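Since the structure comes first, as structure tokens, the remarks are kept for the end.
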Amino acid sequence: MTTTQFINDKINYLPKGYIFTYSDFLTEEKQNKEAIIKALNRMAKSGKIEKLSKGKFYKPEITRFGKLNPNNYQIVKDLLVDNGKTIGYLTGLSIYNELGFTTQISNSIQIGKNNIRSPFKRGMFNISIVQQKNTINKENIPYLQLLDILRFIKNIPDTTPEKVIVRLIEIFKDFQEKDFKIMIRLSMKYPASTRAILGAILEKMNIDTDDLKTSLNPISTYEIQGIENILPNAKNWNIK
Numbered sequence: 242m243t244t245t246q247f248i249n250d251k252i253n254y255l256p257k258g259y260i261f262t263y264s265d266f267l268t269e270e271k272q273n274k275e276a277i278i279k280a281l282n283r284m285a286k287s288g289k290i291e292k293l294s295k296g297k298f299y300k301p302e303i304t305r306f307g308k309l310n311p312n313n314y315q316i317v318k319d320l321l322v323d324n325g326k327t328i329g330y331l332t333g334l335s336i337y338n339e340l341g342f343t344t345q346i347s348n349s350i351q352i353g354k355n356n357i358r359s360p361f362k363r364g365m366f367n368i369s370i371v372q373q374k375n376t377i378n379k380e381n382i383p384y385l386q387l388l389d390i391l392r393f394i395k396n397i398p399d400t401t402p403e404k405v406i407v408r409l410i411e412i413f414k415d416f417q418e419k420d421f422k423i424m425i426r427l428s429m430k431y432p433a434s435t436r437a438i439l440g441a442i443l444e445k446m447n448i449d450t451d452d453l454k455t456s457l458n459p460i461s462t463y464e465i466q467g468i469e470n471i472l473p474n475a476k477n478w479n480i481k
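Heads up: take any position in the sequence shown, counting from 1, add 241, and you land on my numbering.
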């Protein structure tokens with residue numbers, strides 16, 4: 242069997258939109274890295290597969306509207322998981338959209354990681370990193386994504402801080418006591434403004450906020466216009 246036949250057979254079993262590299266085909270000692278790379282590039286030029294960026298390919302899903310891009314997770318999965326260990330998570334606009342905070346979509350992908358790096362491109366996608374000071378694991382990610390929303394509440398497009406608060410309260414209604422405790426614990430490594438907004442929301446929901454209150458400087462103020470319409474108690478947290 243030729244290298245091209247071997248690769249073609251494997252690709253036929255891969256799901257559409259799955260990102261793969263030459264290393265996915267190095268399953269047998271007789272397979273040659275250079276030959277695999279050349280074969281993949283030839284297949285991309287012929288249109289059988291698509292090339293996302295250098296060394297990264299996928300089998301596109303084709304609809305009546307054209308070829309679909311891979312989902313954001315696939316595009317950056319090598320930055321999210323390393324040898325089975327979670328090292329990053331999706332945040333930013335894709336998560337704002339997924340959780341119902343905005344309807345905007347973009348070719349920008351934002352990732353939360355412990356170590357930051359300069360923004361870069363991967364094909365048509367702009368990738369940027371937001372530093373996350375908490376431990377990143379599967380259990381923490383849903384809470385970190387919500388805390389990121391509070392952190393960047395002024396920057397979420399096509400919405401207002403008021404609407405963001407309303408949506409967050411809807412999500413928090415499904416939380417149990419342990420969820421709020423985790424949120425509060427993780428928020429301690431976020432900016433004070435994030436903790437202040439979280440405190441105002443939880444206070445309105447009659448959740449214990451003592452730890453949040455004592456973590457804040459009593460003379461610091463936070464300017465987030467409009468949320469007092471949803472959170473009349475915002476002044477208790479020096480939010481103006």
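Ideal Cβ positions, reconstructed from N, Cα and C, are used throughout, including at glycine. All figures in this text were calculated on a predicted structure; none of them were measured in a lab.
| Item | Value |
| --- | --- |
| For Gly288, the residue or residues it bridges with in DSSP | Answer by DSSP bridge pairing: none, since Gly288 is not bridged. |
| Residue nearest to Leu320 in terms of C-alpha spacing, selected from Asn313, Gly329 and Ile382 | Gly329 |
| DSSP beta-bridge partners of Asn367 | Ser349 and Lys362 |
| C-beta contact flag for Ile377 and Gln351 at 9 Å | no |
| DSSP beta-bridge partners of Phe261 | Phe298 |
| For Tyr263, the nearest candidate out of Val407, Glu275 and Ile390 (CA to CA) | Glu275 |
| Expected contact under 8 Å - CB spacing of Gln373 and Leu385 to nearest Å | 6 Å |
| C-alpha gap between Ile410 and Gly307, whole angstroms | 38 Å |
| Through-space distance from Asn312 to Pro432, alpha-carbon basis | 30 Å |
| Nearest candidate by alpha-carbon position, reference Phe393, set Leu427, Met429 and Tyr337 | Tyr337 |
| Whole-Å CB distance - Ile480 paired with Ala441, under 8 Å assumed | 6 Å |
| For Thr245, the nearest candidate out of Lys445, Ile278 and Tyr254 (CA to CA) | Ile278 |
| For Tyr431, three-class secondary structure by DSSP | coil |
| Beta-carbon proximity check, Leu340 vs Ile390, cutoff 9 Å | yes |
| Close Cβ partners of Gly333 (< 6 Å) along its chain, the five nearest in sequence each way excluded | Gln351 |
| Buried versus exposed, by CB contacts within 10 Å (16 or more), Ser287 | exposed |
| Closest Cα partner of Lys295 within the set Val405, Arg363 and Pro473 | Arg363 |
| Closest Cα partner of Asn458 within the set Trp478, Ile303, Lys445 and Pro402 | Trp478 |
| Boundaries (first-last residue) of the alpha helix (DSSP H) holding Thr455 | Asp451 to Thr455 |
| Lys414, buried or exposed, once every other Cβ within 10 Å from all chains shown has been counted against 16 | exposed |
| Buried versus exposed, by CB contacts within 10 Å (16 or more), Gly467 | exposed |
| Of the residues Ser456, Ile382 and Leu293, the one placed nearest Val322, counting alpha carbons only | Ile382 |
| Separation of Leu439 from Ala285, as counted between CA atoms | 48 Å |
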